[in-house]
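**Student:**
There are 2 protein chains.
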Amino acid sequence: MSENTLRRGRPGYDQQGILDVAVAAFNEYGYDATSMGVLADRLGLSKSAIYHHFTSKDEILDRALDSALSALEGVLEQADASTGRAADRLDLVLRGAVHVLVERLPSVTLLLRVRGNTEVERLALARRRAFDKRVTALVSEAQAEGSLRSDLDASVVSRLTFGMINSIVEWYRPGGGEDADRIADDVVAVALDGLRMPTANRVEDLLG
Amino acid sequence: MSENTLRRGRPGYDQQGILDVAVAAFNEYGYDATSMGVLADRLGLSKSAIYHHFTSKDEILDRALDSALSALEGVLEQADASTGRAADRLDLVLRGAVHVLVERLPSVTLLLRVRGNTEVERLALARRRAFDKRVTALVSEAQAEGSLRSDLDASVVSRLTFGMINSIVEWYRPGGGEDADRIADDVVAVALDGLRMPTANRVEDLLG
Chain P
411 MSENTLRRGR PGYDQQGILD VAVAAFNEYG YDATSMGVLA DRLGLSKSAI YHHFTSKDEI
471 LDRALDSALS ALEGVLEQAD ASTGRAADRL DLVLRGAVHV LVERLPSVTL LLRVRGNTEV
531 ERLALARRRA FDKRVTALVS EAQAEGSLRS DLDASVVSRL TFGMINSIVE WYRPGGGEDA
591 DRIADDVVAV ALDGLRMPTA NRVEDLLG
Chain F
411 MSENTLRRGR PGYDQQGILD VAVAAFNEYG YDATSMGVLA DRLGLSKSAI YHHFTSKDEI
471 LDRALDSALS ALEGVLEQAD ASTGRAADRL DLVLRGAVHV LVERLPSVTL LLRVRGNTEV
531 ERLALARRRA FDKRVTALVS EAQAEGSLRS DLDASVVSRL TFGMINSIVE WYRPGGGEDA
591 DRIADDVVAV ALDGLRMPTA NRVEDLLG
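First to last, the protein sequences are chains P and F.
So the first sequence is numbered by this note's numbering: it starts at 411 and just counts up by one.
So the second sequence is numbered by this note's numbering: it starts at 411 and just counts up by one.
#1: Thinking residue 579 (chain P) and residue 535 (chain P) are a contact (beta carbons under 8 Å), I'd like their distance in whole angstroms, please.
#2: Quick one: complete beta strand (DSSP E) runs, 3+ long, within the segment 477-551 of chain F?
#3: Using a beta-carbon distance below 8 Å, is residue 504 (chain P) in contact with chain F?
#4: Look up residue 455 (chain F) in the DSSP assignment and give the residues it is bridged to.
#5: Is residue 558 (chain P) helix, strand or coil by DSSP?
#6: Taking 6 Å as the limit between beta carbons, can you name the residues of its chain near residue 502 (chain F), skipping five residues before and five after?
#7: Report yes or no: is there a C-beta of chain F within less than 8 Å of the C-beta of residue 577 (chain P)?
#8: Going along the chain, which residues of its own chain have a beta-carbon closer than 6 Å to the beta-carbon of residue 537 (chain P), five neighbours each way excluded?
#9: Helix or strand or just coil, what does DSSP make of residue 664 (chain F)?
#10: Note the first and the last residue of the continuous alpha helix (DSSP H) segment covering residue 566 (chain F).
#11: Suppose you measure from the CA of residue 574 (chain F) to the CA of residue 588 (chain P); what does that come to, to the nearest Å?
#12: Could you tell me whether the segment 597-606 of chain F touches the segment 495-510 of chain F, using the rule of 3 or more Cβ pairs below 8 Å?
#13: Interface residues of chain F around residue 602 (chain P) at Cβ under 7 Å?
#14: Based on the DSSP output, what are the partners of residue 606 (chain F) in its beta bridges?
#15: Figure out for me which residue from P:495, P:453, P:482, P:494 has the closest Cα to the Cα of residue 517 (chain P).
#16: Is the shortest distance between the beta-carbon of residue 596 (chain P) and the beta-carbons of chain F less than 8 Å?
#17: Could you give the DSSP three-state label for residue 422 (chain F): helix, strand or coil?
#18: Measuring only the C-alpha atoms, how far is residue 606 (chain P) from residue 431 (chain F)?
#19: Identify the contact partners of residue 427 (chain F) in chain P, using a Cβ-Cβ distance below 8 Å as the criterion.
#20: What does the alpha-carbon distance come out to for the pair residue 570 (chain F) and residue 499 (chain P)?
#21: Any beta carbon from chain P within less than 8 Å of residue 532 (chain F)'s own beta carbon?
#22: Compare the Cα-Cα distances from residue 469 (chain F) to each of F:560, F:425, F:576, F:546 and report the closest residue.
#23: Taking the alpha-carbon positions, what's the residue 412 (chain F) to residue 422 (chain F) distance?
#24: State yes or no: is the C-beta of residue 474 (chain F) within less than 8 Å of the C-beta of residue 520 (chain F)?
#25: What in chain F is Cβ-close to residue 445 (chain P), meaning under 7 Å?
#26: Residue 542 (chain P): which of P:533, P:572, P:557 sits nearest, CA to CA?
#27: Which of helix, strand or coil does DSSP assign to residue 583 (chain P)?
#28: Taking beta-carbon pairs under 8 Å, can you tell me which members of the segment 553-568 of chain F lie near chain P?
#29: Name the residues in the segment 446-466 of chain F whose C-beta lies less than 8 Å from a C-beta of chain P; which are they?
#30: Does the CB of residue 590 (chain F) have a neighbour CB from chain P at under 8 Å?
#31: Beta-carbon separation of residue 601 (chain F) and residue 557 (chain F) under 8 Å?
#32: In or out: residue 466 (chain F) buried (at least 16 other Cβ within 10 Å) or exposed?
#33: For residue 573 (chain P), go through chain F and note every residue whose CB falls closer than 9 Å to its CB, in chain order.
#34: If you compare alpha carbons, which of P:436, P:584, P:429, P:435 is closest to residue 511 (chain P)?
#35: Residue 599 (chain F) versus chain P: which residues are under 7 Å apart at the beta carbon?
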């Protein structure tokens with residue numbers, strides 16, 4: 411046993427390790443159905459060893475949801491910091507969100523299943539709504555600058571686009587051949603350019 | 411009490427009525443957490459009154475999932491019966507699926523949460539996969555005929571597009587101002603034409 415595992419008191423799990431196992435259990439059995447006892451069993455730890463790292467099951471949930479939400483909010487911050495047109499910043503947000511989903515699949519999956527049964531869940535839902543609102547504002551800005559079509563309601567556009575992105579948690583399997591960059595390209599291709607054969611080349615031909 | 415309710419034995423609920431209440435309960439508490447006793451309480455009926463209509467909780471689930479799946483399969487049948495290009499048939503499928511979601515919101519919501527824990531659920535998942543496969547085949551056909559861009563994998567296209575459509579169950583509220591036709595228009599606009607300002611008008615101008 412190394413000095414490091416001795417210092418942590420329990421071999422094999424640091425705080426992040428416990429969090430990972432907890433999130434997997436919440437996703438498999440549901441948050442309500444996963445007691446601290448069930449978690450302790452899965453970890454092979456005593457309940458008090460878990461309480462050494464987290465004061466409550468609620469705190470574990472809070473940390474997991476914050477991991478997903480902070481990453482998504484970071485994508486918006488990064489896009490806001492760029493000076494491009496709103497349509498280009500939206501492009502960055504869509505790609506960034508796909509990367510967050512793929513890289514933090516378990517915690518985003520958990521976030522998307524939150525229904526607001528506890529105070530922690532309600533705060534997470536409020537942050538999701540704030541995120542959606544900022545995406546909607548970005549869509550509106552792109553419509554106003556004339557780079558996105560303005561015949562669609564900005565909030566419906568934002569819901570449909572993120573519906574497409576969020577669906578990735580249903581079918582993406584790590585190491586399954588699809589990488590995040592490729593999925594991000596595909597999402598942007600569908601959302602911004604659509605599936606019909608592009609007419610852009612024809613326009614260039616005609617202009618040329 | 412009318413002759414009709416007397417003949418049914420219990421006032422207020424026929425088979426469809428029991429099904430509606432059961433689906434709402436399954437969506438609210440989860441299928442596993444909803445016992446026949448809980449259902450009887452919610453209906454104000456005895457368990458044996460429910461068993462008069464359904465042999466088991468599984469049969470109720472089966473009927474609810476079949477209602478969603480039959481409607482979705484019907485959309486494919488109808489599109490296949492039309493003689494248009496594959497891209498136009500896909501357009502019909504996307505619009506038809508939006509209508510099914512809006513009109514059968516509770517049973518589709520239930521279908522989308524099925525994880526395959528029972529034989530009934532596994533059969534429903536198999537029907538969903540068969541549906542997805544037929545949509546993917548339609549996308550491939552449209553790519554082959556040259557009406558949809560072929561640089562995207564047909565199965566990813568089908569997943570992303572239905573991800574967008576299925577997300578409707580997360581935010582659509584009956585009577586909330588958005589009608590099914592309008593949402594269907596929006597879905598087709600995003601999926602087929604994309605959000606960027608269309609260049610089609612310019613092509614027509616240049617051709618004219």
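The C-beta atom is built at its ideal place from N, Cα and C for all residues, glycine as well.
Bear in mind the structure is a predicted one, so any value in this text is a computation, not a measurement.
**Tutor:** Answer, in terms of the structure:
#1: Between residue 579 (chain P) and residue 535 (chain P), the beta carbon gap of about 17 Å keeps them out of contact (Cβ cut-off 8 Å).
#2: Under the rule that a run must span 3 or more residues, no beta strand (DSSP E) segment is found entirely inside the segment 477-551 of chain F.
#3: So no, residue 504 (chain P) is outside the interface.
#4: According to DSSP, which records beta bridges pairwise, residue 455 (chain F) is partnered with nothing at all.
#5: In the displayed model, residue 558 (chain P) falls within a strand according to three-state DSSP.
#6: Counting only Cβ-Cβ distances below 6 Å, and skipping sequence neighbours, we find 489.
#7: Yes - at least one Cβ of chain F is within 8 Å of the one on residue 577 (chain P).
#8: Taken in chain order, the residues that qualify are 479.
#9: The displayed coordinates of chain F run from 411 to 618. Any statement about residue 664 (chain F) would go beyond what the structure contains.
#10: 564-576 is the extent of the alpha helix (DSSP H) around residue 566 (chain F).
#11: Their Cα atoms are separated by approximately 19 Å.
#12: The answer is yes - the segment 495-510 of chain F touches the segment 597-606 of chain F, with three or more Cβ pairs under 8 Å.
#13: Scanning chain F for C-beta atoms nearer than 7 Å to the C-beta of residue 602 (chain P) yields 604, 605, 606, reported in chain order.
#14: According to DSSP, residue 606 (chain F) bridges with P:558.
#15: Of P:495, P:453, P:482, P:494, the smallest CA-CA separation from residue 517 (chain P) is found for P:482.
#16: True, the Cβ-Cβ gap to chain F drops below 8 Å.
#17: Note: residue 422 (chain F) maps to coil in three-state DSSP.
#18: Between residue 606 (chain P) and residue 431 (chain F), the C-alpha separation is close to 42 Å.
#19: For a Cβ distance threshold of 8 Å, nothing in chain P lies close to residue 427 (chain F): the least Cβ distance comes to about 26 Å.
#20: Spanning the two alpha carbons is a distance of roughly 21 Å.
#21: Chain P contact via Cβ: absent.
#22: Closest by alpha carbon: F:425.
#23: Annotation note: pLDDT 46 at residue 412 (chain F) (below 50); position unreliable, no value reported.
#24: Judged by their CB atoms, residue 474 (chain F) and residue 520 (chain F) are nearer to each other than the 8 Å cut-off.
#25: Near residue 445 (chain P) there are no residues of chain F at all, since even the closest Cβ is about 15 Å away, more than 7 Å.
#26: When each option's Cα is compared against that of residue 542 (chain P), the closest is P:572.
#27: DSSP places residue 583 (chain P) in coil when its eight states are reduced to three.
#28: Residues passing the 8 Å Cβ filter: 556, 557, 558, 559, 561, 562, 563, 566, 567.
#29: Flagged: no residues at all.
#30: Closer than 8 Å to the CB of residue 590 (chain F) there is not a single CB belonging to chain P.
#31: Contact flag unset, no.
#32: Counting Cβ neighbours within 10 Å, residue 466 (chain F) comes out exposed, since fewer than 16 surround it.
#33: Simply 573, 574, 575, 576, 577, 578, 580, 581.
#34: Distance from the Cα of residue 511 (chain P) is smallest, within the candidate group P:436, P:584, P:429, P:435, for P:584.
#35: Result: 562.
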